[in-house]
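The structure under discussion appears below in the form of structure tokens.
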Amino acid sequence: MTIRYDGKVAIVTGAGGGLGRCHAIELAKRGAKVVVNDLGGSVSGEGADSEASMTVVAEIEALGGEAMAHGANVADLAQVEDMVAQAMARWGRIDILVNNAGILRDKSFSKGTVEDFRLVAEVHLMGTMHCTKACWEIMKGQEYGRIVVTSSSSGLYGNFGQTNYGAAKMGVVGMMNTLAQEGAKYNVKINALAPTAGTRMTEGLIDEKAFAMLTPDTVTPAVLFLVSEDAPTRTILAAGAGAFAVAKIVETEGMWLPESEQTPEGIAANWAQISDGGERALQAGFEQSIKMVGQAMEGLGIDPN
Numbered sequence: 000m001t002i003r004y005d006g007k008v009a010i011v012t013g014a015g016g017g018l019g020r021c022h023a024i025e026l027a028k029r030g031a032k033v034v035v036n037d038l039g040g041s042v043s044g045e046g047a048d049s050e051a052s053m054t055v056v057a058e059i060e061a062l063g064g065e066a067m068a069h070g071a072n073v074a075d076l077a078q079v080e081d082m083v084a085q086a087m088a089r090w091g092r093i094d095i096l097v098n099n100a101g102i103l104r105d106k107s108f109s110k111g112t113v114e115d116f117r118l119v120a121e122v123h124l125m126g127t128m129h130c131t132k133a134c135w136e137i138m139k140g141q142e143y144g145r146i147v148v149t150s151s152s153s154g155l156y157g158n159f160g161q162t163n164y165g166a167a168k169m170g171v172v173g174m175m176n177t178l179a180q181e182g183a184k185y186n187v188k189i190n191a192l193a194p195t196a197g198t199r200m201t202e203g204l205i206d207e208k209a210f211a212m213l214t215p216d217t218v219t220p221a222v223l224f225l226v227s228e229d230a231p232t233r234t235i236l237a238a239g240a241g242a243f244a245v246a247k248i249v250e251t252e253g254m255w256l257p258e259s260e261q262t263p264e265g266i267a268a269n270w271a272q273i274s275d276g277g278e279r280a281l282q283a284g285f286e287q288s289i290k291m292v293g294q295a296m297e298g299l300g301i302d303p304n
């Protein structure tokens, strides 16, 4: 079955180049009307230029698609709300949101400034929140929405010199986990993409041979799947060089300790069992509480019924 988006309206942030450009063009090729958002700033978030987004709109129109450009800075809620209002005025609905906009201020934690950290968080984390918030009630009202937040291996696993970036990228995963629950009854699905791609943001960070393989078009199929009608929800999909994998946050089975061992020494003595074995992905935060209370009741001989 061919996945298409006929009649759907999509917003793609940071779509003036790299991954965002590829996402926007491929969505349009499959029938979506696309808002091409890009501030047009530098990789570090300085300056603004509408040329990049206008060029992508022209590319989409040349392919017979429909698109509009908007230069909203995703870190500015008022600008984001204006973008959404213009999309609604033109097309009357918003079905797909791909949160892709981002900047880099890579430095070791010792050398980075608080301002660097704040700016990266404002674009990646707050920018994702702003765009999602501006579309949320619209999607709930039409009982349809597909949202992608862009995470990263830097958030999931850490990369040297990217404390600010990694913190923001893990932040959007936390947002996704909760919004997937809140949007479920309204058919609003939200997932996270963890891409590895050769773009201007990663140029110089990746070996040349690997960079040549990590083209944006090897990542975009993951986005197209995550915003399709039959998409999963609350999933972290990693993609790069044509390889795809699901990343999961897991918790060990752990163990209950009797009161006399509920000490740092008791934890140290039982660390091997606490830290290893029985890994599983919990589906909601309260499941952790249920699991731990259940272990305590079993250890204390309390009948749960």
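So the sequence shown is residues 0 to 304, counted in numbering that gives the first Met the number 0. From the three backbone atoms N, C-alpha and C, an ideal C-beta is built for every residue, glycine too.
{"Query": "Assigned secondary structure, residue 249 (DSSP; H/G/I helix, E/B strand, else coil)", "Result": "coil"}
{"Query": "Residue 129 - partner residues in DSSP beta bridges", "Result": "According to DSSP, which records beta bridges pairwise, residue 129 is partnered with nothing at all."}
{"Query": "Sub-8 Å separation of residue 94 and residue 8 beta-carbons", "Result": "yes"}
{"Query": "Coarse secondary structure for residue 284, derived from DSSP in three states", "Result": "helix"}
{"Query": "Short CB-CB distance (under 8 Å) between residue 252 and chain B", "Result": "Of the protein chains in this structure there is only one, and it is not chain B."}
{"Query": "Which of helix, strand or coil DSSP assigns to residue 194", "Result": "strand"}
{"Query": "Buried or exposed (CB count within 10 angstroms, at least 16 for buried), residue 156", "Result": "exposed"}
{"Query": "Extent of the continuous alpha helix (DSSP H) run through residue 22", "Result": "17-28"}
{"Query": "Inside the stretch 144-228 only - alpha helix (DSSP H) runs reaching at least 4 residues", "Result": "152-155, 162-182, 207-212 and 219-225"}
{"Query": "Which residues DSSP lists as bridging residue 11, in chain order", "Result": "35 and 97"}
{"Query": "Cβ-based burial, residue 52 [other Cβ within 10 Å; buried from 16]", "Result": "buried"}
{"Query": "Nearest-angstrom Cα separation, counted from residue 68 out to residue 34", "Result": "6 Å"}
{"Query": "Residue nearest to residue 58 in terms of C-alpha spacing, selected from 228, 76 and 16", "Result": "16"}
{"Query": "Residue 129 beta carbon less than 8 Å from that of residue 101", "Result": "no"}
{"Query": "Alpha helix (DSSP H) segment containing residue 265, residue limits", "Result": "263-268"}
{"Query": "Exposed unless 16 or more other CB atoms sit within 10 angstroms - verdict on residue 172", "Result": "buried"}
{"Query": "Cβ-Cβ separation, residue 235 to residue 245 (assumed contact under 8 Å), whole Å", "Result": "7 Å"}
{"Query": "Beta bridge counterpart(s) of residue 241 as assigned by DSSP", "Result": "According to DSSP, which records beta bridges pairwise, residue 241 is partnered with nothing at all."}
{"Query": "Contact under 8 Å by Cβ, residue 176 with residue 147", "Result": "no"}
{"Query": "Endpoints, alpha helix (DSSP H) assigned at residue 254", "Result": "Per DSSP, residue 254 belongs to no alpha helix (DSSP H) and is neither H nor E."}
{"Query": "Contact check, residue 134 vs residue 144, beta carbons under 8 Å", "Result": "yes"}
{"Query": "Any 3 or more C-beta pairs closer than 8 Å across the stretch 10-28 and the stretch 213-223", "Result": "yes"}
{"Query": "Spatial distance of residue 32 from residue 63 (CA atoms)", "Result": "11 Å"}
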